[in-house]
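To start, the structure itself, in structure tokens.
Have a look at this one:
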């Protein structure tokens, strides 16, 4: 037992020596590497400098000597080029002939290899065809294409990307559903005229308008529908606005001044527009009116019905204008049935004469024509369509009868 313990004790220093040896080795190797590094630059510097200076002088001499030899060899090279080209041409067919049997022998082997690969493909990946081949066949039938080949279907990621781009762009085809519940999207505007309970006077107006179109209207009432055109009416009202009468406040001021003695009463009354149906009729009867303007929408119409005949009898120009309210504005009233002008200032005589000539041509001279023309008799759209169809049928029957008699 004691010798075994000694052996263990002896083995320990050996291992320690082995470990210590590699540690000492780098210390000994370091000075050896450092010596050549320091000595190298000192020895190499003079060696490199000497050949650099002597090189150009020694190298230039053989180059100059070789130049005449190169020039002498150039014609020989040029002469040899055509011979080389001919030799290549002659050798090319021989190479092709030699390679042809080898290609022919290799062709059947290639064809067999292709067939084997085609047979193996459906066995190896039958699931790869799937629904893609069916959809491809349907698409080719629809589009009328001859080729049965089709590209592989897009992956789910690509399809999702496309959908995102379409939504972001906002294409017309994309659906944008709205939510019309409380506090969300505003409801679209609808035409609610059919559901509105209109006032009675509006209903009466509309019914009267429809009756005037449907029923046959006698000429004495129908003449009121022929009003002045917009241009002449505008010129007429422009002239009449210059001769508006004073309103109630202005008249009161004038009378107060006269009463206080600050102003005198004018001998001649100013030229103004005269209103009131009784006043206008009196002016027409006395032939003092130079122009009479009548509203087309007087109700009842009998108030104004006799005025056109009276004006023509007294040879006074008259016309019909749209809107009794428009005439009322001239005279500081709500409405006016008829208005008359007694005269005009010298400044406006030319303009007034032009208006009178146009009005006479349209109304006074065409009185007999208007006296015979009836109005109304205009039916609704449905009844008009029915009458047109009946007329067509009648014409067809007449044609058939004419052909039989021939």
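In my numbering, the protein residues as written are 249 to 654.
Cβ atoms here follow ideal geometry from the backbone N, Cα and C, with glycine treated the same way.
Note that this is a predicted model, so its numbers are computed, not measured.
Query                                                                                                                                          : Result
DSSP state of residue 635 mapped onto helix, strand, coil                                                                                      : helix
Inter-residue spacing [alpha-carbon to alpha-carbon] between residue 630 and residue 637                                                       : 11 angstroms
Within 7 angstroms, strictly: CB atoms of residue 585 and residue 543                                                                          : yes
From 445, 618, 635, 619, residue whose alpha carbon lies closest to that of residue 626                                                        : 635
Cβ-Cβ distance between residue 606 and residue 475 below 7 angstroms                                                                           : no
Through-space distance from residue 473 to residue 622, alpha-carbon basis                                                                     : 11 angstroms
Per-residue burial, residue 467 [other beta carbons within 10 Å of its own, 16 or more giving buried]                                          : exposed
Collapsed DSSP secondary structure at residue 519 in the structure displayed                                                                   : coil
Contacts around residue 502, its chain only, beta-carbon distance under 8 angstroms, and the 5 residues preceding and following it disregarded : 494, 511
Assigned secondary structure, residue 543 (DSSP; H/G/I helix, E/B strand, else coil)                                                           : strand
Alpha carbon of residue 450 to alpha carbon of residue 461, nearest angstrom                                                                   : 17 angstroms
Residue from 641, 506, 524, 642 with nearest C-alpha to residue 587                                                                            : 524
Cβ pair residue 591, residue 539 closer than 7 angstroms                                                                                       : no
CA nearest to the CA of residue 484, picked from 517, 579, 603                                                                                 : 603
Nonlocal neighbours in the same chain, by C-beta distance under 6 angstroms from residue 582, ignoring five residues either side               : 576
Span of the alpha helix (DSSP H), counted from its first residue to its last, around residue 482                                               : 478 to 488
Best match in 601, 505, 426, 441 for proximity to residue 435 [C-alpha to C-alpha]                                                             : 426
CA nearest to the CA of residue 531, picked from 564, 601, 500, 546                                                                            : 564
Start and end residues, alpha helix (DSSP H) containing residue 604                                                                            : 597 to 607
Local Cβ density within 10 Å of residue 455, reported as buried at 16 or more and exposed below that                                           : exposed
Environment of residue 405 [buried if 16+ CB atoms lie within 10 Å]                                                                            : exposed
Residues bridged to residue 464 (per DSSP)                                                                                                     : 624
Whether residue 522 touches residue 562 by CB criterion (7 angstroms)                                                                          : no
Expected contact under 8 angstroms - CB spacing of residue 571 and residue 464 to nearest Å                                                    : That pair is no contact at about 26 angstroms.
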